[in-house]
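> Quick one: the structure is below, and I'll ask about it shortly.
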Amino acid sequence: MPEREAQAAEVALEARSAPAQRFGARGLEPAVAAAPRPPAPYYAALDLGTNNCRLLVARPAGAGFRVVDAFSRIVRLGEGVAATGALSEAAMARTLEALRICADKISHRTLSGARYVATEACRRAANCAEFLSRVRDEIGLDLEIISTAEEARLVVTGCAPLLHPRIPYAIVFDIGGGSTEIVWLRRASAPGERPGAPEILGSVSLPFGVVTLTERFGGVHVSPAIYGAMVGEAEAALAPFERAHRIAAEVRAGRVQMLGSSGTVTTLAGVHMALPRYTRALVDGSLLTFEQIASVSRHLAGLDLEGRAANPCVGRERADLVLSGCAILDAICATWPVGRVRVADRGLREGILFDLMHR
Numbered sequence: 316m317p318e319r320e321a322q323a324a325e326v327a328l329e330a331r332s333a334p335a336q337r338f339g340a341r342g343l344e345p346a347v348a349a350a351p352r353p354p355a356p357y358y359a360a361l362d363l364g365t366n367n368c369r370l371l372v373a374r375p376a377g378a379g380f381r382v383v384d385a386f387s388r389i390v391r392l393g394e395g396v397a398a399t400g401a402l403s404e405a406a407m408a409r410t411l412e413a414l415r416i417c418a419d420k421i422s423h424r425t426l427s428g429a430r431y432v433a434t435e436a437c438r439r440a441a442n443c444a445e446f447l448s449r450v451r452d453e454i455g456l457d458l459e460i461i462s463t464a465e466e467a468r469l470v471v472t473g474c475a476p477l478l479h480p481r482i483p484y485a486i487v488f489d490i491g492g493g494s495t496e497i498v499w500l501r502r503a504s505a506p507g508e509r510p511g512a513p514e515i516l517g518s519v520s521l522p523f524g525v526v527t528l529t530e531r532f533g534g535v536h537v538s539p540a541i542y543g544a545m546v547g548e549a550e551a552a553l554a555p556f557e558r559a560h561r562i563a564a565e566v567r568a569g570r571v572q573m574l575g576s577s578g579t580v581t582t583l584a585g586v587h588m589a590l591p592r593y594t595r596a597l598v599d600g601s602l603l604t605f606e607q608i609a610s611v612s613r614h615l616a617g618l619d620l621e622g623r624a625a626n627p628c629v630g631r632e633r634a635d636l637v638l639s640g641c642a643i644l645d646a647i648c649a650t651w652p653v654g655r656v657r658v659a660d661r662g663l664r665e666g667i668l669f670d671l672m673h674r
């Protein structure tokens with residue numbers, strides 16, 4: 316599948332020439348040349364998940380930031396971890412290759428701040444310490460394994476600008492490769508607060524994602540019975556979180572919005588739009604109704620592996636994973652029938668960048 320993020324060319328700062336004179340308190344006075352504005356600093360965020368290795372390098376711009384370099388590659392670091400409890404040599408080799416590219420991109424900038432994190436695959440693997448040592452020794456990157464709570468917080472921070480300010484509650488989900496994060500939050504009441512302001516009322520990390528569910532149920536030939544079994548397992552896993560927070564009552568009152576981050580929901584949005592190639596600018600911030608989600612899921616389930624791979628917004632690398640993601644998403648929609656989902660092609664890395672830039 317083509318890379319989801321085109322590398323952004325850096326735009327040179329415009330030279331600003333001061334006028335020869337300025338009008339001051341005593342009339343026309345010689346101008347004092349303004350000191351040149353220092354260039355905006357660079358920041359980097361790296362997210363190593365079960366399925367993807369992703370990097371953003373950005374500079375502050377207004378209330379947000381401007382991406383100057385990006386990288387994303389499917390590495391399947393967590394392949395087989397659910398069965399063996401360890402990272403395989405092949406998966407580590409694929410990931411080290413991607414991390415070398417990230418390190419090279421980072422080396423071209425003098426950074427004012429950076430954070431490189433690893434999530435579910437490294438949380439679960441018995442040999443994660445060995446892998447992190449190899450990354451540090453061979454590549455020079457210090458990866459930090461973050462908790463599920465910190466992962467949820469960063470996803471919310473990164474996605475918060477897309478939340479509707481007048482809807483008081485939100486369900487934010489991130490269907491990953493090895494886990495699925497669900498966050499129940501309350502919007503900040505004060506307008507204009509920086510991203511990250513919403514209050515997290517509860518979060519849960521379900522112990523499966525598109526890679527782990529596909530490894531258990533299969534992703535090549537997915538019958539209606541297998542698909543239904545995946546949906547049922549996800550619904551059962553969501554039920555305790557619903558009972559604890561009674562979200563459905565707020566959904567019925569029309570006080571809840573839903574926002575989805577990461578690969579499954581962005582893929583479905585691209586397929587729904589019939590994009591000739593995945594285009595982040597068209598997908599990020601778009602809306603999908605539950606009916607549209609169901610229609611795209613049925614369409615993909617009716618295709619064989621080659622048919623799914625032929626779709627430019629799915630591609631060969633995701634063709635065997637996309638139906639397990641659809642099943643998890645169907646379970647989320649059935650548990651909390653909000654009716655539509657705001658699509659976010661942003662999340663953990665953007666949350667890291669907001670954190671670094673607002674320290």
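Here the sequence shown stands for residues 316 to 674, numbered as in the numbering used here.
Quick reminder that beta carbons are idealized off the backbone N, C-alpha and C, glycines included.
Bear in mind that the values here come from a model prediction, so they are computed numbers and not experimental data.
Taking the alpha-carbon positions, what's the Glu-606 to Arg-655 distance?
Along the sequence shown, read from residue 1 onward, the residue named residue 606 stands at position 291. Along the sequence shown, read from residue 1 onward, the residue named residue 655 stands at position 340. For Glu-606 and Arg-655, the distance between alpha carbons rounds to 8 Å.
> Which residues bound the beta strand (DSSP E) around Pro-375?
Translated into positions along the sequence shown, residue 375 becomes position 60. Per DSSP, Pro-375 belongs to the beta strand (DSSP E) from 367 to 376.
> Would you list the one or two residues that DSSP bridges to Ile-460?
Here residue 460 corresponds to residue number 145 of the sequence shown, with the count starting at 1. Note: Ile-460 sits in a beta bridge opposite Ala-433.
> When we look at the beta-carbon of Gly-630 and count the other beta-carbons within 10 Å, is it buried (16 or more) or exposed?
Your numbering for residue 630 matches position 315 in the sequence shown. With 16 or more other Cβ atoms within 10 Å, it is buried.
> Return the chain-ordered list of same chain residues with a C-beta closer than 7 Å to the C-beta of Val-598, the five sequence neighbours on each side being excluded.
Residue mapping note: residue 598 aligns to position 283 of the sequence shown, counting from 1. Taken in chain order, the residues that qualify are Thr-581, Ala-584, Gly-585, Val-658, Asp-660.
> Measure from the alpha carbon of Gly-393 to the alpha carbon of each residue in Ile-562, Thr-434, Leu-370, Gly-455, then state which is nearest.
Working through the sequence shown from its first residue, we reach residue 393 at position 78. Comparing Cα positions, the closest option is Thr-434.
> Once the 5 residues before and after Gly-534 are set aside, which same chain residues still bring their CB inside 7 Å of it?
Sequence index remark: in the sequence shown, residue 534 carries index 219 (1-based). Asp-635, Leu-636, Leu-638, Ser-639.
> Identify which residue in Thr-399, Asp-670, Arg-391, Leu-663 has its Cα closest to the Cα of Glu-262.
A question about residue 262 goes unanswered here, because the residues of the chain that appear run from 316 up to 674.
> Helix, strand or coil for Phe-380, going by three-state DSSP, please let me know.
One-based indexing of the sequence shown puts residue 380 at position 65. Reduced to three states, the DSSP call for Phe-380 is strand.
> In or out: Leu-602 buried (at least 16 other Cβ within 10 Å) or exposed?
As a first step, residue 602 is located in the sequence shown; it is residue number 287 there, counting from the start. Its Cβ having fewer than 16 others within 10 Å, Leu-602 is exposed.
> Could you tell me the alpha carbon to alpha carbon distance between His-673 and Asp-384, rounded to whole angstroms?
Residue numbering aside, residue 673 sits at position 358 when the sequence shown is read from its first letter. Residue numbering aside, residue 384 sits at position 69 when the sequence shown is read from its first letter. Using only the alpha carbons, I get a separation of about 20 Å.
> Helix or strand or just coil, what does DSSP make of Leu-620?
Numbered from 1 along the sequence shown, position 305 holds the residue referred to as residue 620. The answer is helix: DSSP assigns Leu-620 an H, G or I state.
> Starting from Glu-514, follow the alpha helix (DSSP H) in both directions and report where the run begins and ends.
The residue given as residue 514 occupies position 199 in the sequence shown. Taken as a continuous stretch (DSSP letters only), Glu-514 belongs to no alpha helix (DSSP H), being part of the beta strand (DSSP E) at 514 to 521.
> In or out: Glu-453 buried (at least 16 other Cβ within 10 Å) or exposed?
Position 138 of the sequence shown holds residue 453. With fewer than 16 Cβ atoms within 10 Å of its Cβ, Glu-453 is classed as exposed.
> Give me the residue from Ala-429, Asn-442, Val-382 with the minimum Cα distance to Met-407.
Position 92 of the sequence shown, counted from the first residue, corresponds to residue 407. Comparing Cα positions, the closest option is Asn-442.
> Excluding the five sequence neighbours on either side, which residues of its own chain have a C-beta within less than 6 Å of the C-beta of Leu-370, listed in chain order?
Taking the sequence shown and counting its residues from 1, the one referred to as residue 370 is at position 55. Taken in chain order, the residues that qualify are Leu-361, Phe-386, Cys-417.
> Buried or exposed for Arg-439, please, with buried defined as at least 16 other CB atoms from any protein chain shown within 10 angstroms of its CB.
Position 124 of the sequence shown, counted from the first residue, corresponds to residue 439. So Arg-439 ends up on the buried side.
> Hey, could you find the ends of the beta strand (DSSP E) Gly-575 is sitting in?
Along the sequence shown, read from residue 1 onward, the residue named residue 575 stands at position 260. Where Gly-575 is concerned, the enclosing beta strand (DSSP E) stretches over 571 to 576.
> Measuring alpha carbon to alpha carbon, tell me which residue in Arg-623, Val-470, Gly-491, Cys-437 is nearest Val-396.
Against the sequence shown, residue 396 aligns to sequence position 81. Checking every option, the nearest Cα to that of Val-396 belongs to Cys-437.
> What's the call for Ser-274, buried or exposed, on a 16-neighbour Cβ count within 10 Å?
Given that the chain is displayed from residue 316 to residue 674, the structure contains no residue 274 and the question cannot be resolved.
> For Leu-636, which three-state DSSP category applies?
In the sequence shown, residue 636 corresponds to position 321, counting from 1. The three-state secondary structure of Leu-636, taken from DSSP, is coil.
> Between which residues of its own chain and Leu-644 is the CB-CB distance below 6 Å, once the five residues before and five after are set aside?
Taking the first residue of the sequence shown as position 1, residue 644 is located at position 329. The residues are Thr-579.
> By the DSSP assignment, the beta strand (DSSP E) with Arg-501 in it spans what residues?
On the sequence shown, residue 501 is found 186 positions in, with the first residue counted as 1. Here the beta strand (DSSP E) through Arg-501 covers 495 to 501.
> Provide the residue span of the beta strand (DSSP E) that contains Asp-489, from first to last.
Mapped onto the sequence shown, residue 489 falls at position 174. Segment 484 to 490, the beta strand (DSSP E) holding Asp-489.
> Quick one: give me the first and last residue of the beta strand (DSSP E) that Thr-604 is part of.
Position 289 of the sequence shown holds residue 604. Element bounds for Thr-604: 602 to 604.
> With a Cβ-Cβ cutoff of 9 Å, do Arg-570 and Pro-483 count as a contact?
Taking the sequence shown and counting its residues from 1, one reaches residue 570 at position 255. Taking the sequence shown and counting its residues from 1, one reaches residue 483 at position 168. Closer than 9 Å, so yes.
> Please report the distance separating the alpha-carbon of Cys-641 from that of Val-526.
In the sequence shown, the residue the question calls residue 641 occupies position 326. In the sequence shown, the residue the question calls residue 526 occupies position 211. When rounded, the distance between both Cα atoms is 12 Å.
> For Gly-666 and Leu-426, what's the separation of their Cα atoms in angstroms?
For the purposes of this step, residue 666 is taken as residue 351 along the sequence shown, with counting starting at 1. For the purposes of this step, residue 426 is taken as residue 111 along the sequence shown, with counting starting at 1. Rounded to whole angstroms, Gly-666 to Leu-426 spans 17 Å at the Cα level.
> Work out the CA separation of Arg-561 and Arg-567 for me, nearest whole Å.
Mapped onto the sequence shown, residue 567 falls at position 252. Mapped onto the sequence shown, residue 561 falls at position 246. Arg-567 and Arg-561: Cα-Cα distance of roughly 11 Å.
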